[in-house]
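K.L.:
Once you've had a glance at the structure underneath, I'll fire off some questions.
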Amino acid sequence: TNVVRVTIQALAAVLGGTQSLHTNSRDEALSLPSEESARLALRTQQVLAEESGVADVIDPLGGAPLIEDLTERL
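If you're matching positions, the sequence shown starts at 2 in this note's numbering and goes up one per residue.
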């Protein structure tokens, strides 16, 4: 469940225009993360970037009609 939660958080951050991204490992709240947990957190970022393509553009939501409409309403 941590992988899913962290993936959703990371995607939301990237879509929101984050300048920097840190994905927490599953055991980071309890102690220093294990090597396996740190690797999983890193791979989560890498898979998200590769599979979704959000890192390929400056503004992944730019030009999306729904987002543009919501922005205009603000």
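We treat Cβ as the ideally placed atom computed from N, Cα and C, and that holds for glycine.
#1: Less than 8 Å between the C-beta atoms of L16 and V55, yes or no?
#2: Spatial neighbours of E52 within its chain, please: C-beta separation below 6 Å, excluding the five flanking residues on both sides.
#3: Shortest alpha-carbon distance to E37 belongs to which of P61, T19 and V4?
#4: If distances are taken between C-alpha atoms only, which option among S32, A30, N25 and A11 comes closest to A39?
#5: What is the rounded straight-line gap between the Cα of L67 and the Cα of P61?
#6: With DSSP as the reference, label V55 as helix, strand or coil.
#7: Are the Cβ atoms of T45 and A11 separated by less than 8 Å?
P.N.:
In brief:
#1: In the sequence shown, the residue the question calls residue 16 occupies position 15. In the sequence shown, the residue the question calls residue 55 occupies position 54. It is a contact, given that the beta carbons lie within the stated cut-off.
#2: Working through the sequence shown from its first residue, we reach residue 52 at position 51. For E52, where only same-chain residues beyond five positions count, there are no Cβ hits under 6 Å.
#3: As a first step, residue 37 is located in the sequence shown; it is residue number 36 there, counting from the start. Nearest of P61, T19 and V4 to E37, Cα basis: V4.
#4: As a working mapping, residue 39 is identified with position 38 in the sequence shown. Of the candidates S32, A30, N25 and A11, the one whose C-alpha sits nearest the C-alpha of A39 is N25.
#5: By one-based count along the sequence shown, residue 67 stands at place 66. By one-based count along the sequence shown, residue 61 stands at place 60. Answer to the nearest angstrom: the Cα atoms are 13 Å apart.
#6: Residue mapping note: residue 55 aligns to position 54 of the sequence shown, counting from 1. Residue state, collapsed to three classes: helix.
#7: Residue 45 sits at position 44 when you count from the first residue of the sequence shown. Residue 11 sits at position 10 when you count from the first residue of the sequence shown. Cβ atoms of T45 and A11: closer than 8 Å.
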